[in-house]
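Undergrad: Protein chains in written order, with this note's numbering: chain B, 1 to 205; chain S, 1001 to 1266.
From the three backbone atoms N, C-alpha and C, an ideal C-beta is built for every residue, glycine too.
Sending over a structure as structure tokens; questions will come in a sec.
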């Protein structure tokens, strides 16, 4: 058995809803720590919580984009988890947005001003809005109603959503920071694998 | 002692200092990393003894001063100041420090001098952020001479009566309470009196966002976020936002900027 086959057979035993459980536990655990100002939340819990949710949301978007190239190049098959990964990404971004609105910015007037006036908030909101139709159609009924071609076309909104999410991150940091750049480069590369042949002997999908 | 800036109705908020724990664990000191906890985690590597400060430019007594010599005979006071970060959070810090004017008197400012330039130490092997080139190091800052000699401006050597922690800018840092925190340069190794406005690090990095003056001003937003309100550190998960005050509540400095358009000189 090759390593990828071994991984695949191990993953077969893991139900897809494990992803939801892990993410829900993460959200609750971070919130609990923030509420009680434990660990990294000791001094300024609001900003740290906002960032923790946002970063995991972005990581899940990256993970979702990795599923296809990973299968193509290594044979490791995470397709069973992809819907749960995508829906979880939406929930993490939703949690990120909620912390920002309720705990950070605090008033509706300020929220609106920030969205309209601050480009990095605007692109973050655009990314969040693009995830709505994806989350709403992440069920078998929608897939049947839309048909696989239209459904797949719709779900390519993941690409701009992920790019905007990374731009949002890059735009909000001060000075030259490497982390958001890495996210953006990885996301662009993962999307490029869909459109560009990298000279491999496999067919591009 | 500590009462400066308390007078007047504009200072209705009681200046309850943050805890030492808060002050020493939530910092921006990019030489030690960009995370708020990075300075506390990494700044122990900073070598602060011996420490000398080069004083040069338009001064009567230039030279390489040891920290002890530079401060010898000068009075250390406690000053409880609001500290407002450009990122829209704030603290209240009980500094121990010396009026910068006293130090400048000691070295003898010559008549041609109009600005004071400051420089932070660079110890590349001890400063992980320097290796990552987040900014163009060494970190440099500057003040107009009248700002530098204003009685509110101090060089701090302590907090809560203890030597200042490395992550807060040991062994000596500037504190200008009516300006955004990044003006209050840390771990100073050089003070230069000069005729021209000196370059400043954040202005070099992004001139549109960070001006030379960088006075706390709720009416002039940072291009990427509002400066109208701030969050006082230490209020927990449900800390309310509070209104940011003009000059961070230190109205006595307003006369320094009379006749200047603060939207232009931000």
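Within the chosen definition, does the stretch 1141 to 1152 of chain S reach the stretch 1184 to 1201 of chain S through at least 3 CB pairs nearer than 8 Å?
TA: With the cut-off at 8 Å, the stretch 1141 to 1152 of chain S and the stretch 1184 to 1201 of chain S touch.
Undergrad: Can you list, in chain order, the residues of its chain whose CB lies under 8 Å from that of residue 1229 of chain S, leaving out five sequence neighbours each side?
TA: The residues are 1088, 1218, 1241, 1242, 1243, 1244.
Undergrad: Of all the residues that make up the stretch 38 to 56 of chain B, which are near chain S by a beta-carbon distance shorter than 7 Å?
TA: Of all residues in the stretch 38 to 56 of chain B, 40, 42, 43, 44, 45, 46 have a Cβ within less than 7 Å of some Cβ in chain S.
Undergrad: Between which two residues does the beta strand (DSSP E) carrying residue 64 of chain B extend?
TA: Residue 64 of chain B -> not in any beta strand (DSSP E); alpha helix (DSSP H) instead, spanning 45 to 74.
Undergrad: Could you check whether the Cβ of residue 1036 of chain S sits closer than 8 Å to any Cβ belonging to chain B?
TA: It does: the Cβ of residue 1036 of chain S has a partner Cβ on chain B nearer than 8 Å.
Undergrad: Rounding to the nearest angstrom, what Cα-Cα distance links residue 132 of chain B and residue 75 of chain B in this structure?
TA: Answer to the nearest angstrom: the Cα atoms are 30 Å apart.
Undergrad: In chain order, what residues of the same chain lie with their CB nearer than 6 Å to the CB of residue 1045 of chain S, ignoring the 5 residues before and after it?
TA: Same-chain partners within the cutoff: 1126.
Undergrad: To the nearest angstrom, report how far apart residue 54 of chain B and residue 1184 of chain S are at their CA atoms.
TA: If I take the Cα positions, the gap works out to 31 Å.
Undergrad: When the cut-off is 8 Å and only beta carbons count, does residue 1030 of chain S lie next to chain C?
TA: Considering every chain present, this structure includes no chain C. Its protein chains are B and S.
Undergrad: Looking at the unbroken beta strand (DSSP E) that takes in residue 1120 of chain S, where does it start and where does it end?
TA: Here the beta strand (DSSP E) through residue 1120 of chain S covers 1115 to 1120.
Undergrad: Given that residue 1134 of chain S touches chain B, what residues does it touch there, using C-beta distances under 7 Å?
TA: Simply 175, 176, 177.
Undergrad: Is DSSP giving residue 1046 of chain S helix, strand or coil here?
TA: Coil at residue 1046 of chain S, not helix or strand.
Undergrad: Please work out which residues of its chain come closer than 6 Å, Cβ to Cβ, to residue 1085 of chain S, disregarding the five sequence neighbours upstream and downstream, and give them in chain order.
TA: Once the five neighbours on either side are set aside, the close Cβ partners of residue 1085 of chain S are 1181.
Undergrad: For a minimum of 4 consecutive residues, which ranges assigned as the alpha helix (DSSP H) are wholly contained in the stretch 1018 to 1090 of chain S?
TA: Counting only runs of 4 or more, we get 1020 to 1025, 1038 to 1042, 1067 to 1071.
Undergrad: Report yes or no: is there a C-beta of chain B within less than 8 Å of the C-beta of residue 1041 of chain S?
TA: Residue 1041 of chain S does not count as touching chain B.
Undergrad: For a test of the three-state rule: what should DSSP assign to residue 165 of chain B, helix, strand or coil?
TA: Three-state DSSP puts residue 165 of chain B in a helix.
Undergrad: Using a Cβ cut-off of 8 Å (strictly closer), state whether residue 1008 of chain S contacts chain B.
TA: Reliability fails at residue 1008 of chain S, whose pLDDT of 40 lies under 50, so the model's placement of it is uncertain and the value that follows must be treated cautiously. Output row for residue 1008 of chain S: interface = no.
Undergrad: Step through the CB atoms of chain S and report whether any lies within less than 8 Å of the CB of residue 118 of chain B.
TA: Judged by the 8 Å Cβ criterion, residue 118 of chain B is in contact with chain S.
Undergrad: Around the Cβ of residue 79 of chain B, are there at least 16 other Cβ atoms within 10 angstroms (buried) or fewer (exposed)?
TA: Burial call: exposed.
Undergrad: Alpha helix (DSSP H) containing residue 1131 of chain S: first to last residue?
TA: From DSSP, the alpha helix (DSSP H) with residue 1131 of chain S extends over 1128 to 1132.
Undergrad: In angstroms with no decimal places, state the Cα-to-Cα distance between residue 139 of chain B and residue 16 of chain B.
TA: Approximately 13 Å, taken between the alpha carbons.
Undergrad: Helix, strand or coil: how does DSSP classify residue 1015 of chain S here?
TA: Looking at residue 1015 of chain S - three-state DSSP - the assignment turns out to be coil, as it is neither helix nor strand.
Undergrad: Cα separation between residue 134 of chain B and residue 6 of chain B?
TA: If you take the alpha carbons of residue 134 of chain B and residue 6 of chain B, they lie about 32 Å apart.
Undergrad: Ignore the nearest five residues each way along the sequence and tell me which others in residue 1257 of chain S's own chain have a CB closer than 6 Å to its CB.
TA: Cβ within range, chain order: n/a, list empty.
Undergrad: Going by the CB atoms, is the gap between residue 1025 of chain S and residue 1035 of chain S shorter than 8 Å?
TA: Not a contact, by the Cβ cut-off of 8 Å.
Undergrad: Candidates S:1083, S:1069, S:1212: which alpha carbon is nearest residue 1015 of chain S's?
TA: Closest option to residue 1015 of chain S, Cα to Cα, is S:1083.
Undergrad: The beta strand (DSSP E) spanning residue 1157 of chain S covers which residue range?
TA: Segment 1154 to 1159, the beta strand (DSSP E) holding residue 1157 of chain S.
Undergrad: Look at the alpha carbon of residue 1154 of chain S and the alpha carbon of residue 59 of chain B, and state the distance between them as a whole number of angstroms.
TA: Taking the straight line from one Cα to the other gives about 44 Å.
Undergrad: Note down the Cα distance separating residue 1023 of chain S from residue 143 of chain B, rounded to an integer number of angstroms.
TA: Going by the C-alpha atoms only, they are around 53 Å apart.
Undergrad: Where does residue 1195 of chain S fall in DSSP's three states?
TA: Here residue 1195 of chain S sits in coil by DSSP.
Undergrad: Buried or exposed: residue 1265 of chain S, going by 16 or more other Cβ atoms within 10 Å of its Cβ?
TA: Result: exposed.
Undergrad: Quick one: list the residues of chain S neighbouring residue 95 of chain B, beta-carbon separation under 9 Å, in chain order.
TA: What residue 95 of chain B touches in chain S: nothing, since even the nearest Cβ is about 14 Å away.
Undergrad: Quick check on DSSP: helix, strand or coil for residue 1009 of chain S?
TA: With a pLDDT of 39 at residue 1009 of chain S, under the threshold of 50, the modelled position of this residue cannot be trusted, and the question is left open.
Undergrad: Could you spell out where the beta strand (DSSP E) holding residue 1141 of chain S opens and where it closes?
TA: Residues 1140 to 1144.
Undergrad: For the candidate residues B:44, B:3, B:13, B:26, whose alpha-carbon lies nearest to that of residue 1018 of chain S?
TA: When only C-alpha atoms are compared, the closest one is B:44.
Undergrad: Going by DSSP in three states, residue 19 of chain B sits in which element: helix, strand or coil?
TA: Helix.
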